[in-house]
Structures are given as structure tokens and as C-alpha cells.
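Residue numbers (the numbering used here), protein chains in the order written: chain A, 1 to 492; chain B, 1001 to 1393.
Note that CB positions come from ideal geometry on N, CA and C, so glycine has one too.
Take a look at the structure set out below.
Okay, here's the thing in C-alpha cells:
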């Protein structure tokens, strides 16, 4: 029974996020855009969960005790109000009844999900892929609701805060040892007292919907994030003009990264939420670059704001949206500006490293002695990433002339910055020691991995398109039959 | 991607190419790794824990495992097995072991009827706590009938390790492929390091599946590009589509293996925790005994959060006890076994001790001290096996 309460609570949070996004004014209706509904549903889930944690912060700041009524009632009222406003606005703009836009959107979504817009083998492939995705989601759901909190840091520095805040009904500070002794009982202590509290607040949220402390079920928001992210990725790929089947295949590639799956099944670390919010934020940025809709900008800012509140390296990840925007806004000089910026940042780090400073807890140095075997194991020999890094390197080589095309350039700028960031941390700081024991290298890489998959797809498609243009005499290749709506879109 | 391609029509040829490339890569691999006859007639021979003896060192059989607990005064331990096999029929020996310390020196020993007075030896590589197979086919001493095999362990063992069996293998082509398949499909259950790394099967693998598939794609793509040089009519766009299809198919192979592993893990998780409530799950977990004691301690603690200091030698127990005790205001050193000096504690604080040496309590005087420091007044509120809860007064 209490699990139903938890599920209903999470559905409410999800609906709240969707309503927030739907209520934001836009020139074009989302349902008219390819993948618009999927993006609304996926990004809505991510936005809703993050906004709900901000609401918990607001409640605590106002001195209001956490409780299901204090949390759920305002969210429900806001969802109804914002949803009503969105529907009303849709009716005004289309001069039809309230039901029609809703019904149309629903039908369109169901038609796309069922694969009816595909034909023949494509439809079979679509349904198999969808079933495969559902199977994975079911397996992960079972793990999440059955396995008690398991990984080390989850119970030494993340869920510690959730437990205290849930039981006390408010946010109380966690301090380092000296400050804890000095506080005389007013502050708390754990293995990571300075770590951000958003993950803990997601668990507090689940605890309140559940009505009791349960360090198994409180991790359900992680599963929700993963599912919402899959919707968002599908919507983003459709918006990037990938046909439905390829967009679903891309969603499967992103959703099947074994380390990401493990972070859902053994939920409790902040790495996967950070990876999800960062990737969705960059996708929202690229969407804004395309549409210049204030609503897309607002969503991008919201998702970017989540990054530093999830994990300290999120500050750097959030900053990496700047190169994407520079490249997108200044297509002629942007890539040179960004390359210069990265060179300047590396030069600055080189100078800084002379003094062995500590930046965000990492000791910077200049000794280059990576553990190549451990690196090879992480990226190429172990199954952390399936074939991601083989594919990424191959695509970077094959599609080197397409790295800076209009669609790929913003993503390339972010990926380049991300690779530099991860490389500096893993090769030129004390984190190098964590390479050999595999304790951090993959989790640090996880933050970037989902976006690398999408970048890989975009660059590969640009390469394939270039080849097709270069060989127009090639024998005719039969196109996949798509829906009439899709036929109006530029095909590759 | 390569949109606009009919998957059924153009998809089969790349899949066939990938299949052929996999076979070619495997054949090349076998050419380098099969030590002797590709198709030997002898079958695998194995010895289990009852066949093991320990002429030197300490240890013995425990729960179907042969535990090597330590070396003798001279820093050596020997494990011996009596055998009767023809050397030329068996090219490799594999010791099934786990938790072998990385810094220990391990040698494989054998004796033959060809040179009965001589004991031959060859080093064994330790990787990820396992012993890698020893290939003997080309060793000059691997002749005649092997009458005994063993392991020599030299150095101080930082931890005991376990042997579950030893296998003599003909190491033909099929045997090696079977071994690789077994490694790929080995069940990788959740462990402490899973959150950091997914190996993809057994911890130690001679030919990781991602590497095999990547090499096969590269080989097939190279062959296609070469083919295109002679048949320019085959457009590059078609080659690009084929590469994409091979990549996705190879990804699916890895994903099927991973999903199968996930399904097996789910069965194990359900067997351990299914149908239990929150409390029941914790009692069934690895730290069930600690959780049980902490639950009793919570009953002694006040309803409002109190300051509780945790004393335990193991980081794991210290941190787990802390986690179970929240929202009490817990203090547990995350990375050291140190306790704060007694003057930092005050009346009304609590101390939970779990499996820690150096904590002494004098019940008659009501004094508690730790690590030779100054004693504080305390009351014993709860006692368990290797565990206690004190109220500081």
C-alpha cells in the first residue's frame, strides 16, 4: 500500500515537472515538433524532481516541517493550475476545444510508441527494441525496490543526510569534525559533510511519500530519473531529425551503458543523476540554440543549476554549457574562441600546477605517469561501457571533418571540454591513484558518457550524410517508410 | 545515422561480415594461444578439495574450500596433490583460487616419473586475487607421467586465500574457446566494487568480449574498404551503413550478456531480500548481526537525537553502525580507527563499541577508557557479543 503512495507521489512530481514545462510560453506547440511530447515527458520528469527538492529546501528555510501534505498538496495545486493554464493556452492558440490538443497529443504519442508509423522489418525492430528497453526497466525496477542501500559512499555520505533530514523533518547542517565538536550537537557529521544535498533530498521526498524510512524504496527516484532520461533522449534525438527507429536505437544505446545501469540498480550515488542532468541540460541548450524559445532557455538553466547542487564537480560540468553556447551563437568564430579558451585554461592550470594547489579537493601536479593498463581496462577491456569508447574514437577519426558542423559543433565543444576536464583530473591530480584501483575513473567518466553517445550519433550521421552527398550515383537505397509527418522532415 | 536504409534488406550482409570477422579473429587468437594439439583426444581432469594436502604452512578444508591461512616459520606454504596423468596429454594447469594476495610469490610445482628425484617449478601470476593458468606444453620438464603437482607460496600472507580445485586441461581449440565463453558468461554478482567497475563476466579474462567484438568490426570494416577499392560501385555510404549495423549488432551482443547477468542478479537479490520488510532485509544483509545490535542500542538511546561515538576497528562496521544509528548525532571516523580523546566527550554522550580492541570498562568503578587514555565515568547500558553501549556520565 505504501509503495502505491510512493509511486503516486513520484507520478505527481513527474506531472508537476511536465506541467511546469508545458505552461511556459512557446511560439510553436510541442506536439508539432518531432519528439516534442517525449522531450516534454522526459525533461518534465527531470525538472519535476529537481524542483521538488528545491521546494523541500524552501520548506525547510521557512521552518515548515516536511510531511506529505506540506510537500504534495502545493505540488498538486501547482500541477493542476499550470496544467490547466497550458491546456487553456493551447485551446486559445488553436481555436479548438480543450480536449482536442490533448487527444491529438495522446494519439500521436501512442501511435509512435506502438510503431504503427513504421513498416515491415522496421516495425518489428521498433517493437523488439521497445520490449528490450521495457525489460531492462523492469529488471532495474525490481532491483531498486528489493535491494537495500548497498554501495559504500551511499551510506557513508549521501543517504546519511537523507536519514537525518527525513527523521527531523528539516534540513540541518553537516559539518567537518572540528566544527561538529564545536557545534555541541546542533550539527551532524558524516564522511562527506560538505557534499551537496540534492540526492539526499530526493530520498527524503521518497520517504515522505512512502510515509516511513526505508532505505530500499527511497531509491525509486533514481529509477524514475533513468526512465525520464530515456524519454528525454528519444525526444532530443527526434528533435535532431533522427528518424523514429534510429532515435529509439540511440535511446537504447544511452540506456544500456552497464555502469549507468549499475548506478540505477545499486542506487545512492550522485554520479548518475549528475550525468543525467548534465546531458539533458546540454541537450536543452542545443534545443534553445535551434529554437531560441525562452522556455527552452529556462529549462536549460534549470537543468544546469541542478549539476552543482548534485555533486561538487557539477560546477565544472555546468560551466561546460558555455562553450556549447559560444559555438552555437557564434558559428563563424565560436570554435576558435572555445579552442583558445581551452588552451588558455590548460596553460593556466600548467602555471598553477607549479605551486601544487588544491582545487575542489584535488591536488594538482604535473607528473605524467598514467596507469595505462588500468585505463585500457576501464575503457576498452571491461564492460563498463560496452563499445562506447571504441565507437567514440572511430567516429572522431572518421567524422573529423564533420565535428564542427552546425549540429555537431556545440556538442563537440562540450565533449572536448569534458574530455580535458576528466583527463586533467585523472592524470594530473591525486585522483590518478584511483585509476589503478578503478575506484573513481569510471564514475568520473559516467558524467560525460551519455552525452558522448549522442555526440557519436550526431557526428556519425553527419559523416554518413557527407558520404551520401559525395556519391550521388550510388545505387538507390530503399527508404524506411515513415509517418506522413516524418516525410515532411529532411531525411538523411 | 544512416537513415533511409531498409534494415531487412541491407542489414543481413553486414551481420554476415561481422560473423565471419569474429571467426577470423578467434582463429587468429587460437593460433597464438593453443599450446599444442588443436584437437586433442584427452579430456579435462580435475582434483577437488579432498585431494589437497598441506605439507607446509597452516590451513585446511573449510566448507568445500581449501584455505591457506599462513606460511610456516620459514615463510613458505606448500599445497600438494597426488596425480597420475600423461604430461603430453595436458598442456595447461588451472588452479581455481580466490582472494590470493597480490604481493605473494606463487610457484607451480610438479614431479614426474621421468625424473622422480627432481621437483620442477614455474611461477604463477596472481591477478585480481586469482591464479592465472599455467601453460606447460613447451616446458622441458613437462614429460612422462606427472605423479604429483602442487603450489609453493612464499612470503607473508596478508590474508588467507582459498583453493576450490585444480584442473589439468588438454587446451585444444575447443577447450580454449569453451574457457573464454565461460569467462564471458561468468556470473558477476553485486560486490562492493560494482559501483565503480563492471568487468563483464569473470574477474580475469584472457580475451575480453568487448575487445573481440571491436577487433572484429575493425577487421570487417577494413575488408569492406579494401573491397571497395576493387569495386568502386560499392559506395562509401553503404560501407558507413554496414559499419553502423555491425556496431549496433556487436553492442547488442554485449548488452544481451549484461542483461542476462542482470536477470541472474535479480534472482539472487529476490532470494536474499524478496518478501522481507525493511527490517527483515537488513537482518538478511551482510551486516545483519551489527544491525540487530544497533536496533537494541536504539531502544536504549533517548527518543531525541543524542551524540553517539562509534568505536570499531573495521571501517565497514564503524560506518554501517553510524548509518543505522541516524538520526542520532553520530560521530564515526570515516577513515581511521582513532577515537577522540576522552576530554572531547561530555556527560550525556554515548559510545557504541563493536569489535574493537583497546576499549576497557571497569564495572565496579564505572570507568571507561580507550587506547590507554584518561578514563571517563560511564554506565554500561547494553552488552552483546563483542559489542557494548555506554552512557558517558
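Going by DSSP in three states, residue 1095 of chain B sits in which element: helix, strand or coil?
Stepping through the second chain from its first residue, residue 1095 of chain B is reached at position 95. It is a strand residue.
Going by C-alpha distance, which of A/393, A/295 and A/438 is nearest residue 47 of chain A?
Position 47 of the first chain holds residue 47 of chain A. Among A/393, A/295 and A/438, the Cα nearest to that of residue 47 of chain A belongs to A/295.
Rounded separation between residue 1332 of chain B and residue 1384 of chain B - CA only:
The sequence position of residue 1332 of chain B within the second chain is 332, counting from 1. The sequence position of residue 1384 of chain B within the second chain is 384, counting from 1. Note on geometry: alpha-carbon atoms of residue 1332 of chain B and residue 1384 of chain B lie some 19 Å from one another.
Backbone secondary structure at residue 1351 of chain B - three-state DSSP:
Within the second chain, numbered from 1, the residue matching residue 1351 of chain B stands at position 351. Strand, per DSSP.
3-residue-minimum beta strand (DSSP E) runs that sit fully inside the region 1159–1183 of chain B, ordered along the chain
Correct list: 1161–1169.
Specify, as a first and last residue, the run of the alpha helix (DSSP H) that residue 263 of chain A falls within.
Here residue 263 of chain A is taken as the residue at index 263 of the first chain, counted from 1. Taken as a continuous stretch (DSSP letters only), the alpha helix (DSSP H) holding residue 263 of chain A covers 258–265.
With H, G and I counted as helix, E and B as strand and the rest as coil, what does DSSP make of residue 355 of chain A?
Here residue 355 of chain A refers to the residue found at position 355 of the first chain. Residue 355 of chain A falls in the coil class under three-state DSSP.
Could you tell me whether the region 1146–1161 of chain B touches the region 112–120 of chain A, using the rule of 3 or more Cβ pairs below 8 Å?
No, they do not touch.
Pull up the distance between the alpha-carbon of residue 1047 of chain B and that of residue 1203 of chain B, whole angstroms please.
Position 47 of the second chain, counted from the start, is the residue given in the question as residue 1047 of chain B. Position 203 of the second chain, counted from the start, is the residue given in the question as residue 1203 of chain B. Here the alpha carbon of residue 1047 of chain B sits roughly 22 Å from the alpha carbon of residue 1203 of chain B.
Counting along the chain, where does the alpha helix (DSSP H) carrying residue 1199 of chain B start and finish?
Along the second chain, read from residue 1 onward, the residue named residue 1199 of chain B stands at position 199. Looking at the DSSP string, residue 1199 of chain B is not in any alpha helix (DSSP H), and its letter there is neither H nor E.
Going along the region 1263–1288 of chain B in order, which residues come within less than 8 Å of chain A, judged by CB to CB distance?
Within the region 1263–1288 of chain B, 1263, 1265, 1266, 1269, 1270, 1273, 1274, 1278, 1281, 1282 and 1285 place their CB atoms closer than 8 Å to a CB of chain A, listed in sequence order.
Residues that residue 135 of chain A bridges to, as DSSP identifies them:
Here residue 135 of chain A is taken as the residue at index 135 of the first chain, counted from 1. Paired residue(s): none; residue 135 of chain A is not in a bridge.
Along the region 1218–1239 of chain B, where does the CB come closer than 9 Å to a CB of chain A? Name the residues.
For the region 1218–1239 of chain B, which is checked against every Cβ of chain A, the residues closer than 9 Å are 1218, 1221, 1233, 1234, 1235, 1236, 1237, 1238 and 1239.
Please confirm if residue 345 of chain A has its CB atom under 8 Å from at least one CB of chain B.
Here residue 345 of chain A is taken as the residue at index 345 of the first chain, counted from 1. Under the 8 Å criterion on CB atoms, residue 345 of chain A is classed as non-interfacial with respect to chain B.
Secondary structure of residue 1268 of chain B, DSSP reduced to three states:
Locating residue 1268 of chain B in the second chain gives position 268, where the first residue counts as 1. Under the three-state reduction of DSSP, residue 1268 of chain B is assigned to helix.
Using beta carbons (cut-off 8 Å, strictly below), is residue 438 of chain A in contact with chain B?
Along the first chain, read from residue 1 onward, the residue named residue 438 of chain A stands at position 438. Cβ-Cβ to chain B under 8 Å: yes for residue 438 of chain A.
Note down the Cα distance separating residue 1224 of chain B from residue 1239 of chain B, rounded to an integer number of angstroms.
Walking along the second chain from the start, residue 1224 of chain B turns up at place 224. Walking along the second chain from the start, residue 1239 of chain B turns up at place 239. Straight-line spacing of the CA atoms in residue 1224 of chain B and residue 1239 of chain B works out to 7 Å.
Exposed or buried, which one is residue 254 of chain A when buried takes at least 16 other CB atoms within 10 Å?
Indexing the first chain from 1 puts residue 254 of chain A at position 254. With 16 or more other Cβ atoms within 10 Å, it is buried.
Excluding the five sequence neighbours on either side, which residues of its own chain have a C-beta within less than 8 Å of the C-beta of residue 307 of chain A, listed in chain order?
One-based indexing of the first chain puts residue 307 of chain A at position 307. Taken in chain order, the residues that qualify are 274, 277, 278, 281, 314, 315, 317 and 318.
Which residues in chain B sit within 7 Å of residue 258 of chain A, going by Cβ to Cβ distance?
Walking along the first chain from the start, residue 258 of chain A turns up at place 258. Neighbours of residue 258 of chain A across chain B, judged by C-beta separation under 7 Å: 1198 and 1258.
Near residue 1382 of chain B, which residues of its chain fall below 7 Å by C-beta distance, leaving aside the five closest residues on each side in sequence?
Against the second chain, residue 1382 of chain B aligns to sequence position 382. Only 1296, 1297, 1300, 1388 and 1389 meet the Cβ criterion.
Go ahead and pull the three-state DSSP assignment for residue 1345 of chain B.
The residue labelled residue 1345 of chain B in the question sits at position 345 within the second chain. In the displayed model, residue 1345 of chain B falls within coil according to three-state DSSP, outside both helix and strand.
Identity of the residue in B/1205, B/1153 and B/1167 nearest residue 377 of chain A by Cα:
One-based indexing of the first chain puts residue 377 of chain A at position 377. For residue 377 of chain A, the nearest C-alpha among the options comes from B/1205.
Partner residues on chain A for residue 1248 of chain B, Cβ-Cβ distance less than 7 Å:
The residue labelled residue 1248 of chain B in the question sits at position 248 within the second chain. What residue 1248 of chain B touches in chain A: 249.
Whole angstroms is fine: what's the gap from residue 1121 of chain B's alpha carbon to residue 1044 of chain B's?
Numbered from its first residue, the second chain carries residue 1121 of chain B at position 121. Numbered from its first residue, the second chain carries residue 1044 of chain B at position 44. Rounded to whole angstroms, residue 1121 of chain B and residue 1044 of chain B show a C-alpha spacing of 22 Å.
Within the continuous beta strand (DSSP E) that includes residue 184 of chain A, where are the two ends?
Residue mapping note: residue 184 of chain A aligns to position 184 of the first chain, counting from 1. DSSP places residue 184 of chain A in no beta strand (DSSP E); its state is neither H nor E.
Just the chain A side, please: which residues come within less than 9 Å of residue 1192 of chain B by C-beta, in chain order?
As a first step, residue 1192 of chain B is located in the second chain; it is residue number 192 there, counting from the start. Near residue 1192 of chain B (Cβ distances below 9 Å), the residues of chain A are 150, 151 and 152.
Give the single residue among A/119, A/218 and A/160 whose Cα lies nearest to the Cα of residue 143 of chain A.
Residue numbering aside, residue 143 of chain A sits at position 143 when the first chain is read from its first letter. With distances taken between Cα atoms, residue 143 of chain A lies closest to A/218.
Tell me, please, which residues DSSP counts as bridged to residue 1331 of chain B.
By 1-based counting over the second chain, the position of residue 1331 of chain B is 331. In the DSSP output, where bridge partners are listed per residue, residue 1331 of chain B has B/1309.
Just the chain B side, please: which residues come within less than 7 Å of residue 164 of chain A by C-beta, in chain order?
Counting from one through the first chain, the residue named residue 164 of chain A turns up at place 164. Near residue 164 of chain A (Cβ distances below 7 Å), the residues of chain B are 1326 and 1327.
Starting from residue 1244 of chain B, find everything on chain A with Cβ-Cβ shorter than 8 Å and list it in chain order.
Locating residue 1244 of chain B in the second chain gives position 244, counting from the first residue. 460 and 464, listed in chain order.
Please classify residue 487 of chain A: does DSSP put it in a helix, a strand, or coil?
The residue you call residue 487 of chain A lines up with position 487 of the first chain. The predicted position of residue 487 of chain A is uncertain, since its pLDDT is 37 and thus under 50; a value taken from the coordinates is nonetheless stated next. Residue 487 of chain A: helix per DSSP, three-state reduction.
Between residue 1061 of chain B and residue 1067 of chain B, what straight-line distance do the alpha-carbon atoms span, to the nearest angstrom?
Numbered from its first residue, the second chain carries residue 1061 of chain B at position 61. Numbered from its first residue, the second chain carries residue 1067 of chain B at position 67. Taking the straight line from one Cα to the other gives about 6 Å.
To the nearest angstrom, how far is it from the Cα of residue 1351 of chain B to the Cα of residue 437 of chain A?
The residue labelled residue 1351 of chain B in the question sits at position 351 within the second chain. The residue labelled residue 437 of chain A in the question sits at position 437 within the first chain. Cα-Cα distance, rounded: 34 Å.
Ignoring anything shorter than 3 residues, give me the beta strand (DSSP E) runs that lie fully in the region 1038–1064 of chain B, in order along the chain.
Along the region 1038–1064 of chain B, the beta strand (DSSP E) occurs as fully enclosed runs of 3 or more residues at 1045–1047, 1053–1056 and 1058–1062, listed in sequence order.
Just tell me which of B/1251, B/1054, B/1070 and B/1146 has its CA closest to the CA of residue 1084 of chain B.
Locating residue 1084 of chain B in the second chain gives position 84, counting from the first residue. Ranked by Cα distance from residue 1084 of chain B, the options B/1251, B/1054, B/1070 and B/1146 are led by B/1146.
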